[in-house]
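**Student:** One structure, pasted below without further comment.
Numbering (our numbering), first residue to last: 158 to 610.
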């Protein structure tokens, strides 16, 4: 025994066993829905595919907006009142200011000093116009009123998101389905073309409608408790079992299937869910749906394939994302909000006549049953980053059913977390710091043990 204790590998072995036991204890006692990190609205909903404004710089009556974009325009046309004033390099947009600063001396209101211009990226079609407004206010205006101010100031406004926040490309949310064999992907593409009749000329919303209609026809009688194997099977396997009557599915399976078809049809779509639980036993909410990126608007739109709800839009027709719908639901502020649905599935009792095969617009307040039930004030809404694979729970034999399932769950547990949006604090940040620290400790102690042996 004394020889064992004095062996140079004894202490490293104890430390390694301690880290191993702690890692296993944390893993087996984890909450199933804890694989997330809280993010803000901007990070989730403002992708780098559309311009955003990071900051301004001024020099000699010229304003230099720092625009962040994952595209590189060759030039910007600076336009005022519909006329091109100048063309500036794409990497350094600049706006020349007039010397009409607001001073408060001539009796004019502040609104008369507003200057505006449009930046149009070139070549044509690379992106939408950026509209900028700025109101120069002379520091003398404040000095005359008895307040010290060190510089002139500029009240600014833009048509694009402004601020220093983390950005993700739309493509970061799109699953490449590399875990599905090539022949199956070819068959999926054939179905999209030949059975869903999606054409290259169809816009995103039309493609979404065709996919959702096809799914509701094929899966009309497929609702029910999903089998255990649906947790590790790919979405196309799930779809085939559901439509052939050998399996049932809930909202999760419908959202997975829609995400697969939409991404293959050229509509960037991500899987979204809210499963807020305590100790894996007390469930506050639980639902899965999707968001698709509408390129014409540079916006994500909330969709619910299970409910045959294609999208939600405001009174101007702008797409509303999940976070928008979540906040509207908190106060039931639905005036002017409409949803695009297929009435003949979940909404047959609506007092509206419609062709069963045609998507129609209805007041959103008529179809808010699911959001009002699931979007509780303490809901944690999670946005799954690819791959579109479910989390393992307590059936650990599933680790050995699929390499893709096992690897995805391993990476998601340690670093490839989902982003989350909530009005409430979450413990996701702490959970991942703990997991990563324990895992690094295990690796370091194991290396120490090997070196000491």
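C-beta: ideal position from N, C-alpha, C; glycine also.
1) Buried or exposed for residue 483, please, with buried defined as at least 16 other CB atoms from any protein chain shown within 10 angstroms of its CB.
2) Going by DSSP, what residue range makes up the alpha helix (DSSP H) through residue 413?
3) Considering just the uninterrupted stretch of the alpha helix (DSSP H) at residue 370, what are its terminal residues?
4) Decide if residue 416 is buried, meaning its Cβ has at least 16 other Cβ atoms within 10 Å, or exposed.
5) Mapping the DSSP letters down to three states, classify residue 213 as helix, strand or coil.
6) If you measure between the beta carbons of residue 526 and residue 495, is that distance less than 9 Å?
7) Where residue 369 and residue 413 are concerned, what is the direct C-alpha to C-alpha distance, given to the nearest angstrom?
8) Decide if the stretch 254–266 is in contact with the stretch 171–187; the criterion is three or more beta carbon pairs, one per stretch, under 8 Å apart.
9) Taking all protein chains shown into account, decide if residue 354 is buried (16 or more other Cβ within 10 angstroms of its Cβ) or exposed.
10) Output the residue ranges of the alpha helix (DSSP H) runs that lie fully inside the stretch 333–359 and measure 4 residues or longer, sorted by chain position.
11) At which residue ranges does the stretch 556–596 contain complete alpha helix (DSSP H) runs of 4 or more residues, listed in the order of the chain?
12) Sort 209, 251, 283 and 284 by Cα distance to residue 274 and report the nearest one.
13) Considering Cα atoms alone, identify which of 284, 317, 288 and 270 is closest to residue 295.
14) What separation, rounded to the nearest whole angstrom, lies between the Cα atoms of residue 524 and residue 505?
15) Using 9 Å as the threshold, is the C-beta distance between residue 219 and residue 362 below it?
16) Residue 272 and residue 293: beta carbons closer than 9 Å?
17) Measuring only the C-alpha atoms, how far is residue 204 from residue 339?
18) Could you pull out every residue in the same chain whose Cβ sits closer than 6 Å to the Cβ of residue 214, ignoring the five residues on either side in sequence?
19) Whose CA, out of 463, 224 and 532, lies closest to the CA of residue 376?
20) Would residue 290 and residue 313 be called neighbours here (beta carbons separated by less than 9 Å)?
21) Report the residue from 555, 492 and 448 whose alpha carbon sits nearest the alpha carbon of residue 390.
22) Examine the Cβ distances between the stretch 275–289 and the stretch 299–318 and report whether three or more of them are shorter than 8 Å.
23) Output the distance between the C-alpha atoms of residue 613 and residue 597, rounded to the nearest integer angstrom.
24) Do residue 516 and residue 532 have their beta-carbon atoms positioned less than 9 Å apart in this structure?
25) What does DSSP give as the partner residues of residue 274 in its beta bridges?
26) Going by DSSP in three states, residue 306 sits in which element: helix, strand or coil?
27) Count the C-beta pairs between the stretch 381–398 and the stretch 301–312 that are closer than 8 Å, then say yes if the count reaches three, no if not.
28) CA-CA distance, residue 569 and residue 241?
29) Tell me, please, which residues DSSP counts as bridged to residue 223.
30) Starting from the N-terminal side, write out each stretch of the alpha helix (DSSP H) that is 4 residues or longer and does not extend beyond the stretch 226–277.
31) Is the distance from the Cβ of residue 565 to the Cβ of residue 534 below 9 Å?
32) Within this structure, are the beta carbons of residue 448 and residue 427 separated by less than 9 Å?
33) Tell me which same chain residues have a C-beta within less than 6 Å of the C-beta of residue 384, skipping the five on either side of it?
34) Pick helix, strand or coil for residue 284, following the three-state DSSP scheme.
**Tutor:** Once the coordinates are examined:
1) It counts as buried.
2) 408–421 is the extent of the alpha helix (DSSP H) around residue 413.
3) Counted as a single uninterrupted DSSP element, the alpha helix (DSSP H) harbouring residue 370 occupies residues 361–375.
4) Classification of residue 416: buried, given that the 10 Å Cβ count is 16 or more.
5) Look at residue 213 here: in three-state DSSP terms it is strand.
6) No.
7) The alpha-carbon of residue 369 is positioned some 12 Å away from that of residue 413.
8) The stretch 254–266 makes no contact with the stretch 171–187, as fewer than three CB pairs between them are under 8 Å.
9) Classification of residue 354: exposed, given that the 10 Å Cβ count is below 16.
10) Qualifying alpha helix (DSSP H) stretches, in chain order: 339–347.
11) List check, alpha helix (DSSP H) in window: 560–571.
12) With distances taken between Cα atoms, residue 274 lies closest to 251.
13) Checking every option, the nearest Cα to that of residue 295 belongs to 270.
14) Looking at the two C-alpha atoms, the distance is approximately 11 Å.
15) No, these two residues do not count as a Cβ contact at 9 Å.
16) A contact, by the Cβ cut-off of 9 Å.
17) Their backbone Cα atoms lie some 29 Å apart in a straight line.
18) Closer than 6 Å at the Cβ level, and outside the excluded window around residue 214, lie 221.
19) Nearest option by C-alpha distance: 463.
20) Yes, they are a contact pair.
21) Ranking 555, 492 and 448 by Cα distance to residue 390 puts 555 first.
22) Flag = yes, the stretch 275–289 and the stretch 299–318 touch.
23) As shown, the chain starts at 158 and ends at 610. That puts residue 613 outside it, with no answer to give.
24) Taking 9 Å as the Cβ cut-off, residue 532 and residue 516 do not qualify as a contacting pair.
25) DSSP, once it has assigned bridges, lists 289 as partnering residue 274.
26) DSSP places residue 306 in coil when its eight states are reduced to three.
27) Verdict: no, contact absent.
28) So the two alpha carbons sit approximately 50 Å from each other.
29) DSSP, once it has assigned bridges, lists 212 as partnering residue 223.
30) Fully enclosed alpha helix (DSSP H) runs of 4 or longer: not present.
31) Going by C-beta atoms, residue 565 is not nearer than 9 Å to residue 534.
32) Taking 9 Å as the Cβ cut-off, residue 448 and residue 427 qualify as a contacting pair.
33) Around residue 384: 404.
34) Under the three-state reduction of DSSP, residue 284 is assigned to coil, being neither helix nor strand.
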